[in-house]
Amino acid sequence: MSEKRKITVAYGDGIGPEIMQATIDILIAAGAQIETEVIEIGEKVFRKGISTGIADESWNSIKKNKVFLKAPITTPQGGGFKSLNVATRTTLGLFANVRPCRSFFPYVPTNHPLTDMVIIRENEEDLYAGIEHQQTNEVVQALKLISRPGSEKIIRYAFEYAKVYGRRRVTCMTKDNIMKQVDGLFHKIFDEVAREYPEIEHNHMIIDIGSAIIADRPHSLDVVVTENLYGDIISDIAAQVTGSVGLGGSANIGEDVAMFEAIHGSAPDIAGLDIANPSGLINAACMMLVHINQQKVAENIKNAWLKTIEDGIHTSDIYNKDSLRKVWTQEFAKEVILRLGQEPVRLRPEHYKEGDTMSKIKLSKRPKSIKELVGVDIFLDWDEDGRDPNKLGKKLKAIKQSGTELKIITNRGVKVYPDGHPETFCSDHWRCRFMSKEEGKSISHDQVLALLNEIKGSELDFIKIENMYTFDGERGYSLAQGE
Ligand code: NAD
110 MSEKRKITVA YGDGIGPEIM QATIDILIAA GAQIETEVIE IGEKVFRKGI
160 STGIADESWN SIKKNKVFLK APITTPQGGG FKSLNVATRT TLGLFANVRP
210 CRSFFPYVPT NHPLTDMVII RENEEDLYAG IEHQQTNEVV QALKLISRPG
260 SEKIIRYAFE YAKVYGRRRV TCMTKDNIMK QVDGLFHKIF DEVAREYPEI
310 EHNHMIIDIG SAIIADRPHS LDVVVTENLY GDIISDIAAQ VTGSVGLGGS
360 ANIGEDVAMF EAIHGSAPDI AGLDIANPSG LINAACMMLV HINQQKVAEN
410 IKNAWLKTIE DGIHTSDIYN KDSLRKVWTQ EFAKEVILRL GQEPVRLRPE
460 HYKEGDTMSK IKLSKRPKSI KELVGVDIFL DWDEDGRDPN KLGKKLKAIK
510 QSGTELKIIT NRGVKVYPDG HPETFCSDHW RCRFMSKEEG KSISHDQVLA
560 LLNEIKGSEL DFIKIENMYT FDGERGYSLA QGE
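In this note's numbering, the protein residues as written are 110 to 592.
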């Protein structure tokens, strides 16, 4: 048996204390070699005026122990409070969100009895950076940032996960038919990494059809890896199709620290009634035990839990006509404890191997590419001349373009100049693309500044610019619709 491992525990808000008590009782009864250090997070901390819901000394406990078992918390509405979950993930570099979604049919009713998939969601990038700006009277924007190392890390993690847990296939989901640069990069890295795992099947799906398949045929999927926002959405769909969001646990894995929690919230509507289902947190605790190399204890708890479910001992949220007995939260924990050492008969038992844990992901080394500035997109706030794109085009053609040439104007991505269609609706937000006059030749920052000065001189309001680069000669920007 492994040495006693210190872990940080937070009892959270709402049903948190009840389900955490039930979980800890089971962990202790199963002989988990852990020592808990309790921290306070959530409502009480928010009320003290700490906007993140966690005090500095609590961060230190998590950083020191490196393993955090967390009950759900209530985020107060309004008042500038920040999401503790987002803060924990980004502050501690918890790059991978791992969410197994398995059906427990017929004990938990579901239309998809064979579901057994794992969603691996990138946790640190994408639209969650929260970089948003209002640029004109009518238009706001959010920046979607996807990096090569961020994508490679999560994709490698997904393949490693599949290898360690004996899973057959990894499916990548993106929307790269539309976002050719950002989602295109994620897909490209997926294909690159997949080549290093020939023993694991791989495929790619566009996220919309991928989500439809999760809702309709989840049993056809195995491991799914995706970006942050898509992962957020599909992991809830996947949890729901298994029959109950009250059963799922999730892990947030970083290279140094990992956090484990139930996927549901603090359920204030049933807090203090001892009727909450502690299964989500119990399942998260099993993932934690695997992570800290206490696989045998994890297996023992998981199989006792499966047997309890199979025996029809159910909390009220999953209690149905075929259940044997409705139990309270703490009573459920006692029933699991009674079944330690047993395995389910009809439900598939789970087994974990030693070393079923991975968080150190080695990234491939790539030489730095040669970057060349070949053009600039200048965005204008323009609401004159009846928003006639030809008039704007004429104005811009009239200025000195210092080695560049106006190629195209788009409005919300659609080409409106030259040769636009009068039917296209135009907002007050214009993207004007200036490319190097000599094709394939780079331009300088001085030329861009001169161009901006000319634009300013003709009393046009530029609101931002995006430089256009090639990297090793490859285009690093998307073409406009109709370009
Ligand atoms: P919720 O998941 O707390 O509850 C949704 C519904 O599911 C409720 O009817 C609730 O009674 C039920 N439910 C949830 N967990 C259950 C369980 N274990 N057993 C039985 N029934 C259960 O979602 P919500 O109501 O949208 O959010 C409540 C609070 O939780 C909010 O303050 C929200 O910010 C917070 N929240 C926290 C986390 C987290 O800490 N990880 C996650 C989601 C929501």
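Think of the CB as a built atom: it goes at the ideal place given N, C-alpha and C, for glycine as much as any other residue.
No residue range can be given for residue 475, since it is assigned to no alpha helix (DSSP H) and is classified by DSSP as neither H nor E. Just so you know, the alpha carbons of residue 225 and residue 326 end up roughly 11 Å apart. It is roughly 15 Å from the alpha-carbon of residue 174 to the alpha-carbon of residue 203.
Cβ neighbours of residue 574 within its own chain (closer than 6 Å, five residues either side excluded): 485 and 487. Taking every protein chain shown into account, the CB of residue 479 has fewer than 16 other CB atoms within 10 angstroms, so this residue is exposed. Within the region 170-223, the runs of alpha helix (DSSP H) that reach at least 4 residues and sit entirely inside it are, in chain order, 193-200. As DSSP reads the structure, residue 577 sits in a beta bridge with 484.
Counting the other Cβ atoms within 10 Å of the Cβ of residue 550 gives fewer than 16, which makes it exposed. Relative to the non-hydrogen atoms of ligand 1, the Cβ of residue 579 never comes closer than 7 Å to any of them.
One thing to note: residue 198 has its Cβ no nearer than 8 Å to the Cβ of residue 246.
When C-alpha distances from residue 311 are compared across 322, 234, 323 and 330, the shortest belongs to 330. Here the alpha carbon of residue 117 sits roughly 31 Å from the alpha carbon of residue 419.
In the three-state DSSP reduction, residue 243 falls in the strand class (E or B). Taking the Cα positions, residue 321 is about 12 Å away from residue 350.
Straight through space, the alpha carbons of residue 438 and residue 128 are spaced by roughly 7 Å. Residue burial is scored here from C-beta neighbours: residue 473 has fewer than 16 other C-beta atoms within 10 angstroms and is therefore classed as exposed. For secondary structure counted as the alpha helix (DSSP H) over 4 or more consecutive residues, the region 381-448 holds these complete runs in sequence order: 388-400, 404-419 and 438-447. Around the C-beta of residue 398, 16 or more other C-beta atoms lie within 10 Å, and the residue is accordingly described as buried.
At a cut-off of 7 Å, the beta-carbon of residue 341 does not count as near ligand 1: no heavy atom of the ligand is closer than that. If you check the CB distance, residue 177 and residue 368 come in under 8 Å.
Residue 179 and residue 294 have their C-alpha atoms roughly 34 Å apart. Look at residue 125 here: in three-state DSSP terms it is helix. Taking a cut-off of 8 Å for Cβ pairs, the region 183-195 and the region 142-159 touch, as three or more such pairs fall below it. Take the alpha-carbon of residue 567 and the one of residue 493: they are about 13 Å apart. If you check the CB distance, residue 208 and residue 359 come in under 8 Å. Residue 252 and residue 240 do touch by the CB rule: their CB atoms are close to 4 Å apart, below 8 Å. The beta carbons of residue 424 and residue 384 sit about 6 Å from each other, so the pair counts as a contact at 8 Å. Remark: C-beta atoms of residue 562 and residue 539 do not approach each other more closely than 8 Å. In this structure, ligand 1 has no non-hydrogen atom nearer than 7 Å to the beta-carbon of residue 352. Here residue 343 is near residue 282, since their CB atoms are less than 8 Å apart. Unbroken beta strand (DSSP E) runs of no fewer than 3 residues, entirely contained in the region 341-385, are found at 358-362 and 367-371, following chain order.
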